[in-house]
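Protein sequences appear in the order of chains U and E.
Each residue of the first sequence is one higher than the one before, counting from 1 in our numbering.
Each residue of the second sequence is one higher than the one before, counting from 311 in our numbering.
For every residue, glycine included, the Cβ atom is placed at its ideal position computed from N, Cα and C.
Because the structure is a prediction, the values reported are computed rather than measured.
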Amino acid sequence: MEFFRIKKDIPFMRHALVFNVISLITFLLAVFFLATRGLHLSVEFTGGTLVEVSYSEAAELEPIRQSLAADGYTDVLVQHFGSTRDVLIRLPNREGTDSKGVAERVMATLEKSAGPKAELRRVEFVGPQVGKELASDGAMALLLVVVGIVIYLALRFEWRLGVATIIANLHDVIIILGFFAFFQWEFSLAVLAATLAVLGYSVNESVVVFDRVRETFRKKRNLSTEQVVDHAITSTISRTMITHGSTQMMVLSMLIFGGETLFYFALALTIGICFGIYSSVLVASPLAIWLGVSREQFVKPKKEKEEAVV
Amino acid sequence: MNRYPLWKNILIGLALLWGLIYTLPNFYGEVPAVQVSSAKATLKLEPASVTDRVAAILQGAGIEHDGIFADANSVRARFASTELQLRAKDAIERAFNTDPQDPSYVVALNLLSASPSWLTSIHALPMYLGLDLRGGVHFLLQVDMPGALLKRLDALSGDLRTLMRDKNVRHAGITREGTAVVIRFREAAQREAARSAIQGSTADLQLVDRDDGSEDLKLIATLTPQAQQTMREYAIKQNISTLHNRINELGVAEPVIQQQGAERIVVQLPGVQDVAKAKDILGRTATLEVRMVDDTPGALEQALTGNVPFGTELYRERGRGPLLVKKQVVLTGERLTDAQPGFDGQTNEAAVHLTLDAAGARIFRDLTRENVGKRMAILLIEKGKGEVVTAPVIRTEIGGGRVQISGSMNTVEANDVALLLRAGSLAAPMEIIEERTVGPSLGAENIAKGFHSTLWGFVAIAVFMCIYYAVFGLVSTLALAANLLLLVALLSLLQATLTLPGIAAMALALGMAIDANVLINERIREELRNGVSPQAAIATGYDRAFSTILDSSVTSLIAGIALLVFGSGPVRGFAVVHCLGLLTSMFSAVLVSRMLINLIYGRRRKIDKLAIGQVWKPGNVAGN
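Right, dumping it as C-alpha cells:
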C-alpha cells in the first residue's frame, strides 16, 4: 500500500506568503482571545478547593449551587464532570480560612440538601503560593525549552533554522493556548505538560524537514533555495503524514478511552499535532528562507571546488 | 552488509530478556498482606527474629501464608485471601501487643506484590502506583522556616547567657531583636572578653559591634549563612522523622514522606480515606518546653490585670489556674528520647516517664540543683498555643536523665501526652498548603482508562503498520513492543511512581516512537524508488535515518528535561516517562528493528524484493 505518489516536487513555497498571512491571522486571533478571555486556569494554578462528588443518579446542579450559596460560599463553580452523575465543585481560597474542613463542610452541605446521597471522589486543596510557583515554573520550563532547542538547532544546523523553527513552534503553542482561551477549556498542569511536549514534538517536524534541506543542498547544486525546500518537504511529506497519523491514533485513543482527566490533555495534543504539521512545513520553512538560508551555510568546506565548477 | 556480529545480537537479546524479567512483576498484581513494624522510635525491629516469631504465630493459629518478607523497618506476610489476612492480623496483633494500652508494634493490613520470590530477590519489583491510581490522601506541608530561625535564636540567647555567667563576663542584658541577638555592655573591655568567649565556643555566630553611646555598647550576634543552612536542613530532617513516627502510629502501609524543594514535605497515605483523622495526627505540632515558674510575690496578680512583667508569659496550668512562666526556655523536646505512660510509684497517680539524652540530662541536673524548692513548668505547645502540663516543685537534684511528670492527669491523658512526646516534637511548625484526596474507585477507574487508551492506540498503530509496511511494519510493531517492554522495565527498576499522566506519557511515547520506524521505512522505500539494490537500501535507509532520529529525539528530550526540572507532581511523573521513553525508543527503533531485519534479510545473498509494501516509482505506473 502506498498513499503518496508524488511525481514532482510540490511548490509549497510559491504560496508561502498566503500561508504566512493565514498563520499571522490565527496567531493574532489566539493572542486576542488570550488577552480578552484569558485562560480558564485549573485549581492547581489559582489555588482553592476542588471537590469531585458522584451521585447514584443524574444530579441537578442548581440545588447544589443554591445550598452552597446558602451556606455562605460565594464564587462557587459547580459543573458536571464527565457524566451527569459526577459533579465538580470549585471554591476559591478565602482569607482567613484554612484548608481544614472545607471539603467536610461542603460534604455536610450536600448531605443536608434533598435528593440522592453524594459520594466523595476527590478533594484537592491548593494554597495560593503553590499556584503562583507553578505558574512561574511553567513559564521557566517554556523558556528553557525554547532556549535549549534554539541552541541545539544552531549547533547542529544553522542559527537561522533554529530561530525559524522556534518561531513556528511558539506560534503552535500560542494557538493551543488560544483554543483553550476561546472555548474556556480548563487549563491544568496536564495540559501544560502536553503543550510543552507538543513543543518538543513539533520541533521534530522542522528537524526532519531541515535535515532534508541540508542533505539536498549538499547533493543537488543546481537548485534554488526555494526549490531545495520544496524538494525537502515533498520527499518527507509521506513520513510526516504517517507519523502524525500514528501519533494521532494514540492521542485519539486517549481522547476516547482516557476519561475526563486525560481529555483536555489529549485535546491539547490533537491541536498541537494538527498545527505542528502545518507550522513546521508552511511556517518554519518560509521563515528560514526569509532569514537568508543558503547553500553556503551547509557546504562551506567544498566552497572552492564549487566555484571552480561554476 | 546487513549482518550484526554475534556479540551485538546477544547483547540486544540480553537487553530484551532483562526487560522481560523486570517487567514481569507488574503483571502479578497484589495480594493481601499483614505488615508488622515498630510503633516506637526507641524500639528497633529485628527482621530476623520477628520473621521467625510471625511464622511461629501463624503456624500455631493454623493460618497458611505465602511467604514472609522482611526489610529494614518492617516484616510482611502474604496471604491467599483477605479472610486469611484478617485472621492473621488478629493473631499477630494478640501475640505481639500483649498490652493494648501500650502497643509496641504496629500491625497493619497491607498489599504486597504477588510476584514470585525469585523475582523479588533480584529486586524485580512492580512499579509503585501513584495516589491517583489507587486512592488515598496527599498532603504538601510547608515548614515555617522563619519560625524555626526565631526559635533557634531564642535558644541561642539562653546559651549566651549561660556562657557569660560561666566566663564571668558582666553584661547589661541579652535580648533577641528581630533576627539578631543583642548583648549590651557598659565597658568595652567586657565586650572584648565576651567576643573572645563567644568565638571560642561557637562558630555559628557573626559578631558586630555597635555603639549607641559611651554607656551603651552592644555586640550584635547573627547566625552565619552556613549555620542558617544547617538549621534549615535540620528542621526539615527533624520534621520528616517526626512525621514518620506519627504516621507509624496511624498504621498506614507504605506511606510516602519526602522532602520537596527547600522547605516542603510531601506526605502520601495510600488507602487512607479519613482525611480528618490523618490531618489531626499530622497537624499536631506539639513541642515540649521546660521553663521556670516566676514565683515573685504579687507578679501573678499584676499579670492577671493585664500587666505581664517583662520576660515572663502567662499560661494556664492543666486543670488549675493561671501561672506565670519565664520566657527563657531551659530545655526543649528535642532532648527527649522516650516518653512512656505509667504510674507514680508513691502516689499511684497517672504519670509520664521521660528519658532525656546526655546533653538534656546534664542541663536538667544543673537546673534542678540550682533551683531546689522552686517550681518548674513543663509546657506543651500545640499550634502556637501553650499549656502547662504540670508545674511540680523541684525537691531534689535529678540526675541520670530520668524524669517523671505527674499530677492532675488521668491514664488517658497520660497516654496522649506520652504519645505526642514520644512521636517527637517538630523542629518548626508546619502548615498544610496542598491537599488531595482520591477515592479508591476513582483510582481503579483511572488505571482501567489509562490501560485501555494505551492498548487500543497500540493496536491501531500495529494494524496500520503491518498493512502499510508489510514485513517491515511487523518488525516496527515488534520494535514498538520491545520499546514498551524496556520502558516498563526501566520504570520498575527505578521504582518510579506510576501516575495517570505517566500512563498518558507512555501512550504518547509509543505514538512518537513510531516516528523513528516510519522514518526508516520511508527512507528504505525511497532508496528502492531510486533504484538501489535491496540490501544497499536497507543499509542506507537505517544509516540516513539515524541522524534525523537523533536530532528529533534530542529536541524532544530538551522539552522533557525542562519539564523534569521545573515540574512537580503530575508533570514530573509525565516527564520521567517521556524522557525514558525517548531513550528506549531510540534503542528499539535503531537496534532492535535493525537486528530483526538483519535476521530476516541479512543471511540471504541475493534479494529481489523487500516486503516493505508497495514501492511506487514515478514513470512506472504499474508499480514495481
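8 Å contact criterion, which Leu677 of chain E and Val635 of chain E should meet: CB distance rounded: Here residue 677 of chain E corresponds to residue number 367 of the second sequence, with the count starting at 1. Here residue 635 of chain E corresponds to residue number 325 of the second sequence, with the count starting at 1. About 14 Å separates the two Cβ atoms, so there is no contact after all.
Rounded separation between Leu50 of chain U and Ala789 of chain E - CA only: To locate residue 50 of chain U, count along the first sequence from 1; it is residue 50. To locate residue 789 of chain E, count along the second sequence from 1; it is residue 479. In a straight line, the C-alpha of Leu50 of chain U is about 42 Å away from that of Ala789 of chain E.
Given Phe653 of chain E as reference, the closest of E:Ala609, E:Gly670, E:Thr721 and E:Val713 once Cα atoms are compared: Walking along the second sequence from the start, residue 653 of chain E turns up at place 343. When only C-alpha atoms are compared, the closest one is E:Thr721.
Nearest-angstrom beta carbon gap, Gly468 of chain E and Gln638 of chain E [assumed within contact, 8 Å]: Residue numbering aside, residue 638 of chain E sits at position 328 when the second sequence is read from its first letter. Residue numbering aside, residue 468 of chain E sits at position 158 when the second sequence is read from its first letter. Right, their Cβ atoms sit about 5 Å apart.
In chain order, each beta strand (DSSP E) run of at least 3 residues that lies wholly inside the region 51-89 of chain U: Secondary structure within the region 51-89 of chain U: the beta strand (DSSP E) runs of 3 or more consecutive residues, fully enclosed, are 77-81 (chain order).
Straight-line gap, Ala365 of chain E to Ile378 of chain E (C-alpha atoms, nearest Å): For the purposes of this step, residue 365 of chain E is taken as the residue at position 55 of the second sequence. For the purposes of this step, residue 378 of chain E is taken as the residue at position 68 of the second sequence. Roughly 8 Å separates the two Cα atoms.
Chain-order list of residues whose beta-carbon lies under 6 Å from that of Arg295 of chain U (same chain, five-residue window excluded): Your numbering for residue 295 of chain U matches position 295 in the first sequence. The answer, listed in chain order, is Phe217.
Within chain U, the residues that Phe856 of chain E reaches when beta carbons sit closer than 9 Å: Locating residue 856 of chain E in the second sequence gives position 546, where the first residue counts as 1. Simply none; closest approach about 11 Å.
Range covered by the beta strand (DSSP E) that runs through Ala380 of chain E: As a working mapping, residue 380 of chain E is identified with position 70 in the second sequence. Here the beta strand (DSSP E) through Ala380 of chain E covers Ile378 to Ala380.
The region 736-754 of chain E: positions lying closer than 9 Å to chain U by Cβ: Listed in sequence order: Glu741, Ile742, Ile743, Glu744, Glu745, Arg746, Thr747, Val748, Gly749, Ser751 and Leu752.
Test: Met822 of chain E CB closer than 8 Å to a CB of chain U: For the purposes of this step, residue 822 of chain E is taken as residue 512 along the second sequence, with counting starting at 1. Judged by the 8 Å Cβ criterion, Met822 of chain E is in contact with chain U.
Three-state secondary structure assigned by DSSP to Ala563 of chain E: Within the second sequence, residue 563 of chain E is the residue found at index 253, counting from 1. DSSP places Ala563 of chain E outside both helix and strand once states are collapsed to three, so it counts as coil.
Within chain E, partners of Val311 of chain U - CB distance below 7 Å: A query on residue 311 of chain U cannot be resolved here, the shown segment of chain U reaching from 1 to 310 and no further.
Where Thr865 of chain E meets chain U, residues with beta-carbon distance less than 8 Å: As a working note, residue 865 of chain E is residue 555 in the second sequence. Those are Ile149, Tyr152, Leu153, Gly200, Val203, Asn204 and Val207, listed as they occur along chain U.
Contact under 8 Å by Cβ, Ser763 of chain E with Ser253 of chain U: Your numbering for residue 763 of chain E matches position 453 in the second sequence. Your numbering for residue 253 of chain U matches position 253 in the first sequence. Cβ atoms of Ser763 of chain E and Ser253 of chain U: closer than 8 Å.
Where His433 of chain E meets chain U, residues with beta-carbon distance less than 8 Å: Residue numbering aside, residue 433 of chain E sits at position 123 when the second sequence is read from its first letter. Simply none; closest approach about 30 Å.
Contact with chain E by Phe125 of chain U, beta-carbon distance below 8 Å: On the first sequence, position 125 is the one that residue 125 of chain U refers to. Yes, because at least one Cβ of chain E sits closer than 8 Å to the Cβ of Phe125 of chain U.
Beta-bridge partners of Val577 of chain E, as assigned by DSSP: Here residue 577 of chain E is taken as the residue at index 267 of the second sequence, counted from 1. For Val577 of chain E, which the question treats as bridged, DSSP gives the partners E:Phe449 and E:Ile567.
Beta carbon of Ala504 of chain E nearer than 8 Å to that of Leu533 of chain E: To locate residue 504 of chain E, count along the second sequence from 1; it is residue 194. To locate residue 533 of chain E, count along the second sequence from 1; it is residue 223. Cβ distance not < 8 Å, so Ala504 of chain E and Leu533 of chain E don't count as in contact.
The region 359-375 of chain E in contact with the region 439-458 of chain E per 3-pair CB rule at 8 Å: Using a Cβ-Cβ distance cut-off of 8 Å, the region 359-375 of chain E and the region 439-458 of chain E are not in contact, since fewer than three pairs of beta carbons, one from each stretch, lie closer than that value.
Beta-carbon proximity check, Asn336 of chain E vs Arg386 of chain E, cutoff 8 Å: The residue labelled residue 336 of chain E in the question sits at position 26 within the second sequence. The residue labelled residue 386 of chain E in the question sits at position 76 within the second sequence. Cβ distance not < 8 Å, so Asn336 of chain E and Arg386 of chain E don't count as in contact.
Assigned exposure category for Ile402 of chain E - 16 Cβ within 10 Å defines buried: Against the second sequence, residue 402 of chain E aligns to sequence position 92. Buried, by the Cβ-count rule.
Contact under 8 Å by Cβ, Ile149 of chain U with Thr865 of chain E: The residue given as residue 149 of chain U occupies position 149 in the first sequence. The residue given as residue 865 of chain E occupies position 555 in the second sequence. Yes; because the gap between Cβ atoms is below 8 Å, this pair is in contact.
Within-8 Å CB hit, Arg105 of chain U to chain E: Taking the first sequence and counting its residues from 1, the one referred to as residue 105 of chain U is at position 105. No, Arg105 of chain U does not count as interfacial toward chain E.
For Asn93 of chain U, the residue or residues it bridges with in DSSP: For the purposes of this step, residue 93 of chain U is identified with residue 93 of the first sequence, where counting begins at 1. Under DSSP, no beta-bridge partner is assigned to Asn93 of chain U.
Rounded Cβ spacing between Ala869 of chain E and Val145 of chain U (contact assumed at less than 8 Å): Looking up residue 869 of chain E in the second sequence gives position 559. Looking up residue 145 of chain U in the first sequence gives position 145. The pair is a contact, with the Cβ atoms about 5 Å apart (cut-off 8 Å).
Anticipated Cβ contact below 8 Å, Ile432 of chain E with Leu473 of chain E, distance rounded: By 1-based counting over the second sequence, the position of residue 432 of chain E is 122. By 1-based counting over the second sequence, the position of residue 473 of chain E is 163. The C-beta distance from Ile432 of chain E to Leu473 of chain E rounds to 57 Å, too long to fall under 8 Å, and the pair is not in contact.
Thr534 of chain E CB to nearest heavy atom of the ligand ZN below 7 Å: Looking for the ligand ZN in the displayed structure turns up nothing, as the structure carries no ligands at all.
For Thr49 of chain U, the three-state DSSP class (helix, strand or coil): Here residue 49 of chain U refers to the residue found at position 49 of the first sequence. Strand at Thr49 of chain U.
Any 3 or more C-beta pairs closer than 8 Å across the region 231-247 of chain U and the region 830-840 of chain E: Verdict: yes, contact present.
Chain E contact for Gln129 of chain U (CB, 8 Å cutoff): In the first sequence, the residue the question calls residue 129 of chain U occupies position 129. Interface residue, yes.
C-beta neighbour in chain U for Ile704 of chain E, strict 8 Å: Along the second sequence, read from residue 1 onward, the residue named residue 704 of chain E stands at position 394. So no, Ile704 of chain E is outside the interface.
Where the alpha helix (DSSP H) through Ser866 of chain E begins and ends: Against the second sequence, residue 866 of chain E aligns to sequence position 556. That run of the alpha helix (DSSP H) goes Pro844 to Phe876.
Min CB distance Lys919 of chain E to chain U below 8 Å: Reading the second sequence from its first residue, position 609 is the one you call residue 919 of chain E. With 8 Å as the cut-off, Lys919 of chain E does not count as an interface residue toward chain U.
8 Å Cβ cutoff, Phe89 of chain U in contact with chain E: Counted from its first residue, the first sequence places residue 89 of chain U at position 89. The sequence shown places Ile at residue 89 of chain U, rather than the Phe named in the question. Ile89 of chain U does not count as touching chain E.
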